[in-house]
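Report on the following structure.
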Amino acid sequence: MNEFEHVCGTDNKTYDTSCKLFAAKCNLEGTKRGHKLHLDYLGPCKLIPKCMKNELVQFPLRMRDWLKNVLLQLYEHDSTSPGFLTPKQRFRVKKIFENERLLHAGNHSVELLVLDFEKNYNMYIYPVHWEFAQLDQHPTDRILSYSELAPLRVPLVPMEHCIPLFFQECDADKDKQITFKEWTSCFGIKDEDMDVNLLF
Ligand SMILES: [Ca+2]
Ligand SMILES: [Ca+2]
């Protein structure tokens, strides 16, 4: 059995493959346990350290920076072999790219990230919108369900132990879904800067 195929379920049990997990979920269909069983992260279940309050505060800062960097990388790939971004997206990222070159790329300290967010707030608006649109596809209804969040959380949880708590806190009304407004506000985007046009 390939170690890399193992997955950890939200019941904190290791399954040999994601198929086995979904088979278990199928077998439990109609039960509360089945309803609550999801793929938590890739790899066997392991002890994930508790996310501390100060780490949780830092998390959106690092996540925003990460989203921005992902977009900038796509932009660079797109410059040599087009197709990664639509012309509209390209135009938006171009502005970020030109500003970002003034900063030094790389691993920034939390203090620097806080400062950068205050100073270059506008640069972060689009990456937060972009990631929401990437995830909100099944269906596109401006709400993220647990399974829509999975592509983001599943590969990251083993490295980013604050992700589960972050999403829990993001879900301000605790209905197990993250609306567009909940998403933008947990990344520090002001209400007046929420723009549905940026989702296309
Ligand atoms: Ca959706
Ligand atoms: Ca919610």
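For what it's worth, our numbering labels the leading residue of the sequence shown as 75, then goes sequentially.
Glycine is no exception: its CB is placed at the ideal position from the N, C-alpha and C atoms.
When the Cα of residue i is compared with those of the options, which residue comes out closest?
i: D249; options: D267, I217, L135 and N173; result: I217
i: E192; options: F78, K106, N101 and G262; result: G262
i: P232; options: A97, C125, F96 and A98; result: C125
i: M268; options: V202, L209, S221 and L113; result: V202
i: F274; options: Q163, L186, N196 and L209; result: Q163
i: L146; options: N271, G108 and N173; result: N173
i: C236; options: T160, L130 and E256; result: L130
i: F78; options: L186, Y89 and T258; result: Y89
i: E185; options: K94, S92 and R136; result: R136
i: Q132; options: L187, P229, I122 and T91; result: L187
i: I122; options: H182, V144, L230 and C93; result: L230
i: H182; options: D215, Y220, A97 and N143; result: N143
Just to check my reading of the structure: residue i and residue j have Cβ atoms closer than 8 Å, yes? What is that Cβ distance to the nearest angstrom?
i: L223; j: I252; result: 7 Å
i: L141; j: L148; result: That belief does not hold up - the Cβ atoms of L141 and L148 are roughly 11 Å apart, past 8 Å.
i: T84; j: H109; result: Not quite, the Cβ-Cβ distance comes to about 11 Å (not below 8 Å), so this is no contact.
i: S206; j: F254; result: As written in the sequence, residue 206 is Phe, which differs from the Ser given in the question. With a Cβ gap of about 6 Å, F206 and F254 count as contacting.
i: E256; j: C244; result: 6 Å
i: D114; j: C82; result: 5 Å
Is it the case that the CB of residue i approaches a heavy atom of ligand 2 more closely than 7 Å?
i: D247; result: yes
i: E185; result: no
i: E256; result: yes
For residue i, count neighbouring Cβ atoms within 10 angstroms of its own Cβ and tell me buried if that reaches 16, exposed if not.
i: C49; result: Because the chain here runs from 75 to 274, residue 49 falls outside it and cannot be looked at.
i: Q211; result: exposed
i: R138; result: buried
i: G157; result: exposed
i: P134; result: buried
i: D265; result: exposed
i: V309; result: Residue 309 cannot be examined here, being either before or after the span of the chain that is shown, 75 to 274.
i: D190; result: buried
i: T214; result: exposed
i: K99; result: buried
Ligand 1 and residue i: does the residue's C-beta get closer than 7 Å to at least one heavy atom of that ligand?
i: L226; result: no
i: H212; result: yes
i: I252; result: no
i: S219; result: yes
i: E205; result: no
i: E222; result: yes
i: D215; result: yes
At a cut of 8 Å, does the stretch 165-173 reach the stretch 105-124 through at least three beta carbon pairs? Between the stretch 165-173 and the stretch 105-124, the count of Cβ pairs shorter than 8 Å is below three; the stretches do not touch.
Per the contact definition of three or more C-beta pairs closer than 8 Å, is the stretch 221-241 in contact with the stretch 95-110? no
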